[in-house]
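Read through the structure below, which is laid out as structure tokens, and then see the notes.
Here it is in structure tokens:
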């Protein structure tokens, strides 16, 4: 570990603080939402002041990726971290006005290069038009997920939109039904009309060329509503006897997410579904989306994005394997391939195994695969900042002209 680093409250960052933070996330009573980041870890222990041993239940090739994003909090702050976070970063938390804003100030004792900006405010503005007006008036310098702005900053991202499907629901269990759903959606039309050139159909996988596990032999499902209707008819569903489906979408969370969901619903209704869109605020939507597919209250379908800041096929494991924390699918072959890939450090073999898994998921889709979307930000002319592929917007990397 780096020596001489202190938390914002003056305590030293040492091995015990790291071990305690990691073990806290392993505690089942804590019920962390970062379970994918601690998968395979059994315990962490401080060996000396600046050395931590991390024990696993076997070989785990993604441990370096997992621990790179694990937050370490100051000792004794676990019960208050949600309202008063104390870390070691370049900015110190100052205040939180619930539903309104969060403020932070430059950490004078930061161990790294001092950020250019002295202080920042994060404002919560749920309405996009209000956000745009604030940007145009110079009241804010950066707005997330917005089009038609004075300065649009964008980057082709590791973000993949989809409609997750509950394959554990009997009516959606036949893989052919979920293939039909993919054939029913005109992804090119959605990309052109709703995203104005900032999106394109993804390759029916939550990976991009160059990522470990990307399968170059898989492409987007074609738009073929006639074939989709034939499949639905063969399973007894048609205009006179449609398959009822509810698709949930969060309000104000994703760029054009609600509009995309509504477009998908309309297209599904054209091939033998009776689809209704349910909107929910983010907290309620997120809680519902984490209900396992076989449990009461599980969504039939939901809109979502998957980011892959690991650039690795392992990042998608938790909602693709049997019993995954967010899984709505149980395919024994997919699960076995993911488990094999997670238990070897042979990168060439891991790449092949993930490719096979995605080939299978093309036959037995867990979702309607939609778009690979660019990250789009609206910015004032005075802001100097280059968007990141991982969708992190770090104030420490920004400056004002």
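Residue numbers (my numbering): -12 to 388.
Even glycine gets a Cβ: it sits at the ideal position worked out from N, Cα and C.
query                                                                                                                    : result
Residues that residue 374 bridges to, as DSSP identifies them                                                            : DSSP, once it has assigned bridges, lists no residue as partnering residue 374.
Opening and closing residue of the beta strand (DSSP E) in which residue 360 lies                                        : 354 to 366
Nonlocal neighbours in the same chain, by C-beta distance under 6 Å from residue 98, ignoring five residues either side  : -8
Residue of 39, 68, 317 minimising C-alpha distance to residue 17                                                         : 68
Nonlocal neighbours in the same chain, by C-beta distance under 7 Å from residue 214, ignoring five residues either side : 170
Contiguous alpha helix (DSSP H) assignments of at least 4 residues, all confined to the segment 146 to 186               : 162 to 171, 174 to 181
Alpha helix (DSSP H) segment containing residue 245, residue limits                                                      : 244 to 256
Limits of the alpha helix (DSSP H) - the one that residue 131 falls within                                               : Note, residue 131: premise wrong, no alpha helix (DSSP H); beta strand (DSSP E) at 129 to 131.
Residue environment, residue 15, which counts as buried when at least 16 other CB atoms sit within 10 Å                  : exposed
Through-space distance from residue 119 to residue 152, alpha-carbon basis                                               : 33 Å
Contacting residues, own chain, Cβ-Cβ under 6 Å from residue 303 (five flanking each side not counted)                   : 193
Unbroken stretches of the alpha helix (DSSP H), 4 residues or longer, contained in the segment 64 to 127                 : 115 to 123
Run of the alpha helix (DSSP H) containing residue 5, from where it starts to where it stops                             : 2 to 13
C-alpha gap between residue 239 and residue 11, whole angstroms                                                          : 32 Å
DSSP-derived helix/strand/coil call for residue 32                                                                       : strand
Option in 224, 365, 375 with minimal Cα separation from residue 127                                                      : 365
Cβ distance (whole Å) where residue 341 is taken to contact residue 208 below 8 Å                                        : That belief does not hold up - the Cβ atoms of residue 341 and residue 208 are roughly 20 Å apart, past 8 Å.
Per-residue burial, residue 283 [other beta carbons within 10 Å of its own, 16 or more giving buried]                    : exposed
Expected contact under 8 Å - CB spacing of residue 251 and residue 234 to nearest Å                                      : 7 Å
Check whether residue 59 and residue 4 have beta carbons under 8 Å apart                                                 : yes
Any beta strand (DSSP E) of 3 or more consecutive residues that is wholly inside the segment 246 to 326                  : 260 to 267, 288 to 294
Buried or exposed by the 16-neighbour rule on C-beta atoms within 10 Å, applied to residue 329                           : buried
Identity of the residue in 241, 280, 286 nearest residue 269 by Cα                                                       : 241
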